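Participant: Residue numbers (this note's numbering): 987 to 1405.
A virtual CB, placed ideally from N, CA and C, is assigned to each residue, including glycine.
Being a predicted model, the structure only gives us computed values, none of them experimental.
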């Protein structure tokens, strides 16, 4: 059901999640090719396609030929080639669900991309770790052979930890809020997929993390708050309104780490009903966000979101598809809006980038959300924070996105000089 939901969200975004690793040097190409073949053999959903219907299912996309998952592009301009690659999503109806591209230059760039239909950000990193381990094994002529992960990919094992009453109570605490942000879209055209990212260097981020720890709130609280403050500056809400922001939570937090499924959609989203008071500063917003998030966690908002989703699919795939299509049509008619989305894609572990050569940087990119939606993603690698926004260049000016990310970066300044 959670895969079906993420497939249907193709109406609102391009579904792609990307992991980018920038090396200092070159990967051994034959070893990488072998590692990719082993990795996709172990994770068979990578070469599948999604077949919708009353009882949707995955099936092999290329049963009679080698799946077009891996490729090499030699380029003299990594940035331009990367932009073109990121602007080309995978079609879940055709497959494959994964794409591994090596951008070959003086210093190689490895781009691991997944369609959200089969997994969330954790799954992308999990596959990246498998690929790196297979590569190291091949370089060292080892005998490591992966096996498929057989753990439950659905919400069932997580929801079973709660009684019917607890699940219903968690779902009952959630509600939808009508937003009032004024993101300056020129149109609702979905073309020209673009990304902008901004890196917060290690010295700054380390100070931020130290400050949050000493003041009993989380880095995620701060990131959400700086996003809200930046939206207040660049997309000011109407006075006296509730201004929701969507955020996500990974339900793996309820499972033992040794029972995590590798490729799965176990992240869910819910709305934070943010009330903006006049002249609120960042510290006041952090306090507000911290209380909201603490309340959401203690009341199991993620379980509530999963329970609501499960209930919705009780009417069948086709009814959910129709309901989403109706909502999208109302959005295009200007009758419904979409709230800005913030997703923390988490820390990129060292095992994900370990190809026995030095690494310059690594970051993750979330989906390009179609207007009037807007998605901001955060990822961390070696205490360097990357903020990234995927947007429609046909509908939103690049300058506005740059201004939003700059406003977020500026909001971090006070934390670098405080203890």
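#1: Which of the three DSSP states, helix, strand or coil, is assigned to residue 1372?
#2: Determine the direct distance from the alpha carbon of residue 1177 to that of residue 1081, and round the result to whole angstroms.
#3: Would you kindly report the start and end of the unbroken beta strand (DSSP E) that includes residue 1101?
#4: From the DSSP output, in three-state form, read off residue 1158 for me.
#5: So what's residue 993 in DSSP terms, helix, strand or just coil?
#6: Under the assumption that residue 1282 contacts residue 1259 (Cβ atoms under 8 Å), give the Cβ distance between them as a whole number of angstroms.
#7: From residue 1029 to residue 1269, what does the alpha carbon distance come to, in whole angstroms?
#8: With a threshold of 8 Å between beta-carbons, can residue 1014 be considered close to chain B, or not?
#9: Just to confirm the assignment, what range does the alpha helix (DSSP H) spanning residue 1196 have?
#10: Report the rounded CA-to-CA distance for residue 1247 versus residue 1319, giving the unit in angstroms.
#11: Identify every run of the beta strand (DSSP E) within the stretch 1279–1348, keeping only runs that are complete inside it and at least 3 residues long; order them along the chain.
#12: Examine the Cβ distances between the stretch 1144–1159 and the stretch 1324–1333 and report whether three or more of them are shorter than 8 Å.
#13: Using a threshold of 8 Å, state whether the C-beta atoms of residue 1317 and residue 1349 are closer than that.
#14: Would you mind reading off the limits of the alpha helix (DSSP H) that contains residue 1211?
#15: Is the Cβ-Cβ distance between residue 1097 and residue 1064 less than 8 Å?
#16: How is the alpha helix (DSSP H) around residue 1124 delimited, first residue to last?
#17: Starting from residue 1003, trace the beta strand (DSSP E) both ways and give me its first and last residue.
#18: Identify whether residue 1055 lies in helix, strand or coil by the three-state DSSP scheme.
#19: Assess, as a yes-or-no matter, whether the stretch 1025–1041 is touched by the stretch 1097–1106 under the definition of 3 or more beta carbon pairs within less than 8 Å.
#20: Nearest to residue 1053 by CA position, among 1396, 1085 and 1079, is which residue?
#21: Over the uninterrupted beta strand (DSSP E) stretch that includes residue 1365, give me the two end residues.
#22: Helix, strand or coil for residue 1027? Go by DSSP, reduced to three states.
#23: Just how far apart, CA to CA, sit residue 1405 and residue 1169?
#24: Can you find the residues in the same chain that come closer than 8 Å, C-beta to C-beta, to residue 1175, ignoring five residues on each side of it along the sequence?
#25: In the DSSP assignment, what residue or residues form a beta bridge with residue 1386?
#26: Quick one: using the 10 Å Cβ neighbour count with 16 as the cut-off for buried, is residue 1004 buried or exposed?
#27: Per DSSP, residue 1060 is paired with what?
#28: Within 10 Å of its beta-carbon, does residue 1109 have 16 or more other beta-carbons around it, so buried, or fewer, so exposed?
Facilitator: Looking at the coordinates:
#1: strand
#2: 21 Å
#3: 1095–1101
#4: helix
#5: helix
#6: Residue 1282 to residue 1259, Cβ: 10 Å. No contact.
#7: 45 Å
#8: Absent here is chain B; the protein component of the structure consists of one chain.
#9: 1188–1200
#10: 40 Å
#11: 1327–1333
#12: no
#13: no
#14: 1205–1220
#15: no
#16: 1107–1125
#17: 1002–1009
#18: coil
#19: yes
#20: 1085
#21: 1361–1367
#22: helix
#23: The predicted position of residue 1405 is uncertain, since its pLDDT is 46 and thus under 50; a value taken from the coordinates is nonetheless stated next. Rounded to the nearest angstrom, the two C-alpha atoms are 35 Å apart.
#24: 1357, 1378, 1380 and 1381
#25: DSSP output for residue 1386 lists no bridge partner at all.
#26: buried
#27: 1090
#28: buried
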